[in-house]
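Residue numbers (our numbering): 5 to 532.
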């Protein structure tokens, strides 16, 4: 554990107005916990009960006691697939009492403000944090890999899979870590009481099991649970000074590079031993079967030399791996991901085709947005810069979709259909997402929290010492030898930004920037 935190965290009291504000932000879910009260009902009546509820919450804060009635979790098994008589084919969904969400949200606000102010969470942790999305983690991964490949190094990427990470958090260790970070006194007592004496029961078809005690893990389905988990694994990066970690909740990827392959393998194996010690000390278990590694880079290498071990278990070498839902392949070409994505959205085209004469155009467009656009837009600014040949299958599927939605023949010219439906082609979707990223990166200079993340991509403003007619907002495009590095965000992002019209670059908000640039992109279809 690194760092010294002399100041202690203070759990400040709340009031009725804040309780109403917090309750209004909760999702309108109809699921009911043990109290049989859905969140929607709480929100409808919160103005009437805010005063006494604020008093109860303040009493909890002052005494360090979390109500036992709010510690009971209702577990609802949801079928995932496979044989229905196997327990492993069900996902346990934990439903907590609705009032516990208000309690937790208020404490979450105070705790998150505290750890943000003291900069406690490592910048490499992307899960469950505002402005730290999955695309940010993937951009970081690609940037680090492409940078080492550009420098002609061998790169090993290890992708760690933990067994039941959230359910195996040790309470004693977690409380010691909270104490280290400055959560002491009554506040620490509150968290200790919040974690202890929790129970759960299983409910299937209105039949409930007996209550069982929970002795470890952060509460599933809670608001505080994910943040407490982040604090629990926050010191994972301290296990090695040579490995580069990228964490997204319990998904961990590790990168190490060197010009000499035997030295790289030896160094990685040594460092993984330290990592294995961290897992043991923190009572967390590796899923060896799902933990594997990829040898990235353009260099030739002998597969027989690549023996990577952790805790004396040999890891499997693969040519592609799934990280945060994206298939990352050995050449960073995104071919595996795009093939899988094309297959998935092709099935959605079949759905659209079957209902095209039943539903109106507006309903078909809603289906497109839900089934196809949601998949295409996920981390598009990372994989969307694949070669045109690789992306062509997706564009063909998009053309099929707009023809079906517009109820035109399969030979109809598609550009005007894209324009009429306000749908961007995959290439322009990637352009838009990349431009938005650069827009945010340029405009967070005064926000130290966000600037620390965006600054790692080194967007350098290019200014000349004499007057020119060129756009003063141009960015320096780094020189790249490899096409892999050319597609990194700091290279491709600068290129995309420099091609933007001045009126788009000068927008004052992300909303107006996105709106105006999308109109510009759509206008290109109308002109063809």
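Don't be surprised by glycine CBs; every beta carbon is placed ideally from N, CA and C.
Owing to the predicted nature of the structure, the values given are computational and were not obtained by experimental measurement.
What's the call for residue i, buried or exposed, on a 16-neighbour Cβ count within 10 Å?
i           : result
residue 467 : Bear in mind that the predicted position of residue 467 carries a pLDDT of just 46, short of 50, making it unreliable; the figure below should be weighed with that in mind. Answer is exposed; the Cβ neighbour count stays below 16.
residue 314 : buried
residue 317 : exposed
residue 154 : buried
residue 307 : Per-residue confidence for residue 307 stands at a pLDDT of 49, beneath the threshold of 50, marking its modelled position as unreliable; the derived number appears in the next sentence. Exposed, by the Cβ-count rule.
residue 494 : buried
residue 160 : buried
residue 11  : exposed
residue 362 : exposed
residue 417 : exposed
residue 527 : exposed
residue 257 : buried
residue 249 : buried
residue 510 : exposed
residue 472 : Because the pLDDT of residue 472 is 44, which lies under 50, any placement of that residue in the model is unreliable, and the question is left without a value.
residue 564 : The first residue shown for the chain is 5 and the last is 532, placing residue 564 beyond what the model contains.
residue 443 : buried
In the DSSP assignment, find the unbroken beta strand (DSSP E) run with residue i in it and report its ends.
i           : result
residue 206 : 202-208
residue 264 : Unbroken run through residue 264: none, as it is neither H nor E.
residue 286 : It is not in any beta strand (DSSP E) - residue 286 carries neither H nor E in the DSSP assignment.
residue 37  : Run containing residue 37: none; DSSP gives neither H nor E here.
residue 482 : First-last for residue 482: undefined, no H or E at that position.
residue 216 : 216-218
For residue i and chain D, any beta-carbon pair shorter than 8 Å?
i           : result
residue 229 : The chain inventory of the structure shown lacks chain D, comprising one protein chain alone.
Pull up the CB-CB distance for residue i and residue j, whole angstroms please, since I reckon it's below 8 Å.
i           : j           : result
residue 39  : residue 98  : Going by Cβ atoms, the distance from residue 39 to residue 98 rounds to 14 Å, so no, they are not a contact pair.
residue 113 : residue 43  : About 18 Å; that fails the 8 Å criterion.
residue 205 : residue 213 : 5 Å
residue 502 : residue 478 : 5 Å
residue 389 : residue 496 : 6 Å
residue 167 : residue 234 : Wrong, their Cβ atoms sit about 19 Å apart, outside the cutoff.
residue 132 : residue 223 : Actually they are not in contact, since the Cβ atoms of residue 132 and residue 223 sit about 14 Å apart, beyond 8 Å.
residue 286 : residue 177 : 6 Å
residue 61  : residue 18  : 6 Å
residue 360 : residue 401 : Actually they do not touch by this definition, with Cβ atoms about 15 Å apart.
For the alpha helix (DSSP H) that residue i lies in, which residues bound it at each end?
i           : result
residue 56  : 43-67
residue 193 : 189-199
residue 123 : Unbroken run through residue 123: none, as it is neither H nor E.
residue 443 : 430-446
residue 404 : 392-409
residue 349 : 339-359
residue 28  : 20-28
residue 419 : 419-425
residue 493 : 493-502
residue 381 : 378-381
residue 366 : 365-372
residue 387 : 384-387
residue 506 : 506-509
So who's on the other strand from residue i, going by DSSP bridges?
i           : result
residue 95  : 82
residue 296 : 163, 320
residue 249 : 258
residue 331 : 326
residue 530 : Bridge partners of residue 530: none, in fact.
residue 211 : 208
residue 129 : 251
residue 77  : 204
residue 227 : Residue 227 is not bridged to any residue.
residue 88  : Beta-bridge pairing links residue 88 to no other residue.
- request: Quick one: which unbroken alpha helix (DSSP H) runs of 4-plus residues sit fully inside the region 144-192? Chain order, please.
  value: Within the region 144-192, complete alpha helix (DSSP H) segments of at least 4 residues are found at 175-184, given in chain order.
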